[in-house]
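Residue numbers (the numbering used here): 25 to 391.
Every residue gets a Cβ at the ideal spot worked out from N, C-alpha and C, and that includes glycine.
Let me begin by presenting the structure, written as structure tokens, before commenting on it.
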Ligand code: NAD
Ligand code: TDX
């Protein structure tokens, strides 16, 4: 099978979300002739405004098509896959806390949706084998470090067993296991990426970093789960998107690639740094009831991706400072993202937690 190259026609599902829209903007900005069709349901997390930079640039806009629809709907998916050289699947429900409140949508998109995409790719693979198209489409299934579960020590390697512990992580594991099975059984050209905790511009304000930045800007309490000693390895969104493109163009069929970040940090140290950047006091931080089943630590080994030729570019302290500045300068964007069901979600997730909260212990390294 030949890997697609610059100038290909890509179907990017979930391309109006945080990481997908960065992938679309950055790939179109390479001006190498690549054409992109975005298929996005525009859930509460999808936002057409995330593509404004590409849609407002006539050269890029001429190579971008937007389709609103569901990856679990074969009527929408099938013709789009017929026209594609590759499918890059970012579409998912992506917030762990929402998966604990309401898992159904996670399974529909993360399992049924991935199945519909794989079936469409399977048909095109058969057509390629029968000489009805030049080559089979490649599919990149964008997955996550969370499939490994909580990692007390060391670094997860791609051959480790998956051990997901939240409905979100279980749906993501199911999606990538299906993708691997389709590679083994039907010979589909599938590659899987497992990205680390990602941060940067256009990140929905429900997630830790943008929630705490935007709450702090409004002098609202910052609800830190448990003791705040959980550890995450932070990856800038531009590095995550570029690493996925690198795997799309250079990865081996049937392979899985970890995409680690460049900075393993305790949550309370990240929060302290955000507060320092905004010149806001630690007294805004409240220790609240923990997330059920909260994974203590994620950490991945990146040897395989390094060997493929990819290295991250954005250093965490600089990336975080630029991200905080971006939220300061894009108040209109994040206030609009706090529309829809935001108030109801926020009350359900945080009202009791904040009413029963306590003073939070300070950071371990002074931020
Ligand atoms: P996001 O929630 O910002 O974006 C998801 C996008 O998918 C939205 O635009 C949404 O409208 C769309 N979508 C949801 N269900 C759909 C459906 N059924 N059909 C079509 N579109 C649908 O998420 P994100 O943070 O950009 O994550 C993108 C992908 O990367 C996800 O698969 C996620 O699991 C994975 N990932 C995220 C991170 C992270 O830290 N954010 C880390 C590793 C992996
Ligand atoms: O209010 C909060 N308080 C808090 O202490 C929130 C929203 C989070 N946290 C903690 C929980 C985690 O330890 O901060 C850490 C990061 O939380 P999230 O931003 O919700 O990310 P996480 O659960 O680690 O998952 C993220 O990384 C992996 C993405 O949301 C997933 O889509 C991705 O797969």
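{"Query": "When the Cα atoms are used, what is the spatial distance from residue 310 to residue 56?", "Result": "48 Å"}
{"Query": "Using a Cβ-Cβ cut-off of 8 Å (strictly less than) and excluding sequence neighbours within five positions of residue 140, which residues of its own chain qualify?", "Result": "95, 96, 97, 98 and 101"}
{"Query": "Determine the DSSP secondary structure at residue 237, reduced to helix, strand or coil.", "Result": "helix"}
{"Query": "With DSSP as the reference, label residue 90 as helix, strand or coil.", "Result": "strand"}
{"Query": "Is it true that the CB of residue 60 sits closer than 8 Å to the CB of residue 88?", "Result": "yes"}
{"Query": "Can you tell me the Cβ-Cβ gap for residue 203 and residue 163, rounded? I've got them flagged as a contact below 8 Å.", "Result": "7 Å"}
{"Query": "Identify whether residue 307 lies in helix, strand or coil by the three-state DSSP scheme.", "Result": "helix"}
{"Query": "If you draw a straight line from the C-alpha of residue 348 to the C-alpha of residue 159, how long is it?", "Result": "44 Å"}
{"Query": "Less than 7 Å separating the Cβ of residue 318 from some heavy atom of the ligand TDX?", "Result": "yes"}
{"Query": "So, with DSSP's three-state summary, where would you put residue 321?", "Result": "strand"}
{"Query": "Are residue 257 and residue 287 close, meaning C-beta to C-beta below 8 Å?", "Result": "yes"}
{"Query": "If we call anything under 8 Å between Cβ atoms a contact, is residue 24 one with residue 130?", "Result": "Beyond the ends of the chain as shown, which are 25 and 391, falls residue 24; an answer cannot be given."}
{"Query": "Spatial neighbours of residue 236 within its chain, please: CB distance less than 7 Å, with the 5 preceding and 5 following residues excluded, ordered by chain position.", "Result": "246, 295 and 298"}
{"Query": "Can you list every residue whose CB sits closer than 5 Å to some heavy atom of the ligand TDX, going in chain order?", "Result": "118, 120, 168, 170, 221, 231, 232, 247, 248, 249, 254 and 291"}
{"Query": "Give me the Cβ distance between residue 109 and residue 161, rounded to the nearest whole Å; I'm assuming they're in contact under 8 Å.", "Result": "6 Å"}
{"Query": "By how many angstroms is the C-alpha of residue 249 removed from the C-alpha of residue 9?", "Result": "Shown here, the chain extends from 25 to 391; a query on residue 9 therefore has no answer."}
{"Query": "Distance check for residue 300 and residue 390, CA to CA, integer angstroms please.", "Result": "Residue confidence is low: residue 390 scores 47 on pLDDT, short of 50, so the model does not pin down where it sits. No coordinate-derived value is stated."}
{"Query": "Do residue 53 and residue 84 count as a contact pair if the criterion is CB distance below 8 Å?", "Result": "yes"}
{"Query": "Does any heavy atom of the ligand NAD sit closer than 7 Å to the C-beta of residue 166?", "Result": "yes"}
{"Query": "Taking only heavy atoms of the ligand NAD into account, decide whether any of them is closer than 7 Å to the Cβ of residue 260.", "Result": "no"}
{"Query": "Across the stretch 222 to 230 and the stretch 261 to 272, are there enough close Cβ pairs to call them in contact, namely three or more that are closer than 8 Å?", "Result": "yes"}
{"Query": "Does the ligand NAD have even one heavy atom less than 7 Å from the beta-carbon of residue 340?", "Result": "no"}
{"Query": "Is there contact here, the stretch 354 to 363 with the stretch 198 to 215, by at least three beta-carbon pairs under 8 Å?", "Result": "no"}
{"Query": "Taking one C-beta from the stretch 360 to 368 and one from the stretch 315 to 331 each time, how about it: are there three or more such pairs within less than 8 Å?", "Result": "no"}
{"Query": "Do the CB positions of residue 106 and residue 148 come within less than 8 Å of each other?", "Result": "yes"}
{"Query": "Quick one: using the 10 Å Cβ neighbour count with 16 as the cut-off for buried, is residue 66 buried or exposed?", "Result": "exposed"}
{"Query": "Tell me which same chain residues have a C-beta within less than 8 Å of the C-beta of residue 273, skipping the five on either side of it?", "Result": "27, 28, 29 and 30"}
{"Query": "Can the beta-carbon of residue 325 be found less than 8 Å from the beta-carbon of residue 282?", "Result": "yes"}
{"Query": "Could I get the ranges of all uninterrupted alpha helix (DSSP H) runs contained in the stretch 192 to 229, with 4 residues as the minimum, in chain order?", "Result": "none"}
{"Query": "Take residue 50 and list the residues in its own chain whose beta-carbon comes closer than 7 Å to its own, dropping the five residues that flank it on each side.", "Result": "262, 265 and 266"}
{"Query": "Shorter than 7 Å, the distance from the beta carbon of residue 173 to the closest heavy atom of the ligand NAD, or not?", "Result": "no"}
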